[in-house]
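Single-structure report; data block below.
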Amino acid sequence: MSARDLFPYDQTREVHVRRDATSNREKLVTAAEQVFAEHGPDATLDDIATAAGVGPATLYRRFANKEALVREVLAGFFQRLIDVAGVAEQAPADEGVELFLRTVGVELAEKSGLSAPVWGDLAPRALVDELRRRATGLLTRAQQAGAVRADLTPDDITIAVWALRGVIQSERIDPAHRGRHRWERHLDTIMQGFRPPAAAAGSPRGS
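Below is the structure:
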């Protein structure tokens, strides 16, 4: 009789354990995204464990510290922004840049706690670079179509996103401004500045 006969390998149990571990990790990441989006950097790991319906020990088995969990959440957030760029790439060339910025604005507004400047260094560099590459492609395509000024650079797209983030963060910090969507009006102004002079002069606000 072999050791395997004495201690039979319970493959079914191992599958369940792995499935539970995966489920707990997914629940933690989902809960962390929601808690961080609402409370920003002030959220604690205990808050997240409670929201996920697991104990602190389960959280620490999956993530060694808060930074590790933030990195995981930000990776998902930036992947969604890349997906946004992918959708904008399918739009007409003269609409792609505005569609991208407007949809990014919605993401930033809905998950305002995730765009807190203090977390900038934790953003996954590879995904940030990919997002910038896709945004650059949208800009180049729009310039070739004559939809935006020829002297714009990828940095102008980045600065536009930072500007939207700043307006959204001010809405988050100051309760008097919440729900007023000032970032949408600010984006209208940005797009007016992006358009060639003749197009900008003939474009009504919000078009």
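For reference, each letter of the sequence shown is one residue, going 1 to 207 in my numbering. The beta-carbon is built from N, C-alpha and C at its ideal position, and this holds for glycine as well. Owing to the predicted nature of the structure, the values given are computational and were not obtained by experimental measurement.
Buried versus exposed, by CB contacts within 10 Å (16 or more), residue i
i: GLU67; result: exposed
i: TRP119; result: buried
i: ARG133; result: exposed
i: ARG195; result: buried
i: VAL148; result: buried
i: GLY113; result: buried
i: VAL97; result: buried
i: ARG141; result: buried
i: GLU33; result: buried
i: ILE173; result: exposed
i: VAL84; result: buried
Residue i - DSSP class collapsed to helix/strand/coil
i: ARG18; result: For ARG18, the predicted structure reports a pLDDT of 49, less than 50, and the residue's modelled location is therefore unreliable. The matter cannot be settled from this model.
i: ALA31; result: helix
i: ALA145; result: coil
i: PHE63; result: coil
Range of the contiguous alpha helix (DSSP H) that encloses residue i
i: TRP183; result: 182-194
i: ARG165; result: 154-173
i: PRO106; result: Reading the sequence as shown, one finds Val at residue 106 and not Pro. Where VAL106 is concerned, the enclosing alpha helix (DSSP H) stretches over 96-110.
Contact set for residue i: own chain, Cβ-Cβ below 6 Å, skip 5 residues either direction
i: ARG25; result: ARG62
i: HIS16; result: Residue placement at HIS16 cannot be trusted, given a pLDDT of 41 that sits under 50; the coordinates are not used to answer.
i: ARG205; result: Bear in mind that the predicted position of ARG205 carries a pLDDT of just 46, short of 50, making it unreliable; the figure below should be weighed with that in mind. Hits under 6 Å: ASP188.
Cut-off 8 Å between Cβ atoms - residues of its own chain near residue i, not counting five sequence neighbours on either side
i: LEU101; result: ILE157, ALA160, VAL161, LEU164, LEU187, ILE190 and MET191
i: GLY105; result: LEU164, ILE168, TRP183, GLU184 and LEU187
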